[in-house]
Structure formats: structure tokens, C-alpha cells
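Counted from 1, the sequence shown has number 51 at position 60 by this note's numbering; the numbering is strictly sequential. Below is one structure, written out as C-alpha cells, with a few remarks after it.
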Amino acid sequence: MSHNIPRELSDVQFVLLGLIVDGEKTGSELRQELRDNYGWDTSTSSFYTYFDRLANESYCSVKSTKAGKKFKILAKGRKAFQKKLKFISESLENWKTHLK
């Protein structure tokens, strides 16, 4: 196992990309999911700032629609998400072994 922590994504960016890894969602859908499932009630401006940064770094795309802004993960975002997820999974397995 590599012990190099992937630094491309912050923890917040990782969580947000995880919400769109399976498909495009609107900002209101994402904010609702964050509130309902994770108890994270961020301000609207902070929420969109996070996604604007992800879009500026080509991790996701943002499209304006009648339903609001829609966010979709891009190849670079999927790769960074999978890399960090793999690191987390390997770390958890390693910790489990040491806790036995």
C-alpha cells in the first residue's frame, strides 16, 4: 500500500464529487442530499463556491438549466475521486489489520 496521501482533492471536494459520481444533479438536489443524509447545511453561496472551484479545476461541469445549475463529474474528477477513495479504502484495511 502506498502511504502517499492524494492531495488533489480536499475532503469537502471529495464528498461533493461523490454526490455526483453516479450522475448529473442540480444544486438544490445536492444541497438537500447534504442536509438530509449528512447533516451539512451550508450556505447557498458557500455551496456554489465549492462547485465553482471544482469546475474551474475541470473536475466537474456546470450547466445552467430551468431547474437550476446542474453538476456533472468529468473524467479528471472521476480519476481524482477514485484515487482518493482507493487510498481511504486501503488505509481502513491497514488500520483494521493493526487493530486485531
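Glycine residues also receive a C-beta, built at the ideal position from the N, C-alpha and C atoms. This structure is a prediction, so every number in the text was calculated from the model and none was measured.
Query: Does the beta-carbon of Q4 have 16 or more other beta-carbons within 10 angstroms, so that it is buried, or is it exposed?; Result: buried
Query: Determine whether the beta carbon atoms of G18 and Y39 lie at a separation below 8 Å.; Result: yes
Query: Roughly how many whole angstroms lie between the Cα atoms of L8 and K61?; Result: 13 Å
Query: Checking the sheet assignment: what are the DSSP bridge partners for K61?; Result: T17, K54
Query: If we count the other Cβ atoms within 10 Å of its Cβ and call it buried at 16 or more, is L90 buried or exposed?; Result: exposed
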